[in-house]
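Residue numbers (UniProt numbering): 1 to 267.
The beta carbon of each residue, even a glycine, is placed where N, CA and C say it ideally should be.
This structure is a prediction, so every number in the text was calculated from the model and none was measured.
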């Protein structure tokens, strides 16, 4: 059942990315339909029965699912059509990866109810900061286009021209980073305080903990720099992408190595 949901969602994501910008109502409807089908597939694949299916593809797919929702909601208030060109193909690829790499089953029997909440909050944090990274890439492209000597016309340049002003984009970026940082802080705090209840062992230092804390430090420094030093522009974009890349290594990257490269289960 979930495979058909994923295939339908992938087709609709691709269609949504290909639709012309002037078809705003159709784009919104197709995005919503793809998101709902993607969600049905995720729920059936990840949370079916008394076990939790988890892996790098499931994490990435969940992140892009939330990112599509964030795009759909924000696009109702601001014209973010350029983001559609990045988010929709990425969501299609993430859904396809989940079909190819289903991940490992993690038994929930004997685990604390906090475990599910910890995973949900971590996924939300990762998802919010994923859309912030997409946003940062668009801002970098938008700024580069403003300083370009030639006004070249292309598929991407047309989408960039429809984005809000850079100041508005920057405001949206820091709104997403602030929300994502709050969720990431809750993820780190729950992992530290409830480690033994969540995972059945005391907190240990590993690659996931190190990269997650490093990402937290980078985003904390960015928000502090924004508040007290007025950081913006290239500095803000650099910190955003560095923090996201570090978080990517902590979750998706580490799971990819274990599952695909080393062929190991949950770690």
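Unbroken alpha helix (DSSP H) run spanning residue i, endpoints
{"i": "residue 65", "result": "56-74"}
{"i": "residue 232", "result": "No alpha helix (DSSP H) contains residue 232, which DSSP labels as neither H nor E."}
{"i": "residue 22", "result": "That residue, residue 22, is in no alpha helix (DSSP H); it is neither H nor E in DSSP."}
{"i": "residue 174", "result": "166-193"}
{"i": "residue 90", "result": "81-100"}
CA-to-CA distance, residue j to residue i, given in whole angstroms
{"i": "residue 16", "j": "residue 30", "result": "6 Å"}
{"i": "residue 227", "j": "residue 6", "result": "42 Å"}
{"i": "residue 74", "j": "residue 102", "result": "30 Å"}
{"i": "residue 4", "j": "residue 40", "result": "10 Å"}
{"i": "residue 22", "j": "residue 79", "result": "12 Å"}
{"i": "residue 99", "j": "residue 11", "result": "14 Å"}
{"i": "residue 19", "j": "residue 175", "result": "28 Å"}
{"i": "residue 187", "j": "residue 24", "result": "36 Å"}
{"i": "residue 28", "j": "residue 211", "result": "36 Å"}
{"i": "residue 85", "j": "residue 245", "result": "21 Å"}
{"i": "residue 172", "j": "residue 55", "result": "30 Å"}
{"i": "residue 248", "j": "residue 34", "result": "24 Å"}
{"i": "residue 169", "j": "residue 59", "result": "27 Å"}
{"i": "residue 115", "j": "residue 190", "result": "9 Å"}
{"i": "residue 77", "j": "residue 129", "result": "20 Å"}
{"i": "residue 167", "j": "residue 193", "result": "39 Å"}
Close-in-space but distant-in-sequence residues of the same chain around residue i (CB under 6 Å, 5 per side omitted)
{"i": "residue 89", "result": "17"}
{"i": "residue 261", "result": "Summary for residue 261: the model assigns pLDDT 46, below 50, so the residue's position carries little reliability; its value from the coordinates is reported in the next sentence. So the list is empty, once near-sequence residues are dropped."}
{"i": "residue 91", "result": "13, 64, 68"}
{"i": "residue 66", "result": "127"}
{"i": "residue 299", "result": "A query on residue 299 cannot be resolved here, the shown segment of the chain reaching from 1 to 267 and no further."}
{"i": "residue 2", "result": "41, 44, 45"}
{"i": "residue 225", "result": "231"}
{"i": "residue 250", "result": "208, 211, 212"}
{"i": "residue 94", "result": "60, 61, 64"}
Close Cβ partners of residue i (< 8 Å) along its chain, the five nearest in sequence each way excluded
{"i": "residue 268", "result": "Nothing can be reported for residue 268: it is not among the residues displayed for the chain, which extend from 1 to 267."}
{"i": "residue 223", "result": "174, 177, 178, 181"}
{"i": "residue 238", "result": "none"}
{"i": "residue 87", "result": "64, 67, 68, 71, 131, 134"}
{"i": "residue 96", "result": "6, 10"}
Residue i beta carbon near the ligand HEM (any heavy atom closer than 6 Å)
{"i": "residue 56", "result": "In the structure on display, the ligand HEM does not appear, and there are no ligands present to speak of."}
Whole-angstrom C-beta distance between residue j and residue i, which should lie under 8 Å
{"i": "residue 131", "j": "residue 57", "result": "Not a contact, Cβ separation roughly 18 Å."}
{"i": "residue 61", "j": "residue 32", "result": "Incorrect: roughly 18 Å between the Cβ atoms, too far for contact."}
{"i": "residue 221", "j": "residue 183", "result": "So it is not a contact: roughly 18 Å between Cβ atoms."}
{"i": "residue 8", "j": "residue 26", "result": "That belief does not hold up - the Cβ atoms of residue 8 and residue 26 are roughly 17 Å apart, past 8 Å."}
Cβ-based neighbour list, residue i, same chain, cut-off 7 Å, excluding 5 preceding and 5 following
{"i": "residue 164", "result": "78, 79"}
Any C-beta of chain B under 7 Å from that of residue i
{"i": "residue 207", "result": "Here there is only one protein chain, and chain B is not present."}
Open item on the list: Within 8 Å, do at least three Cβ pairs link the segment 231-238 to the segment 119-134?
Closed with: The segment 119-134 vs the segment 231-238: no contact.
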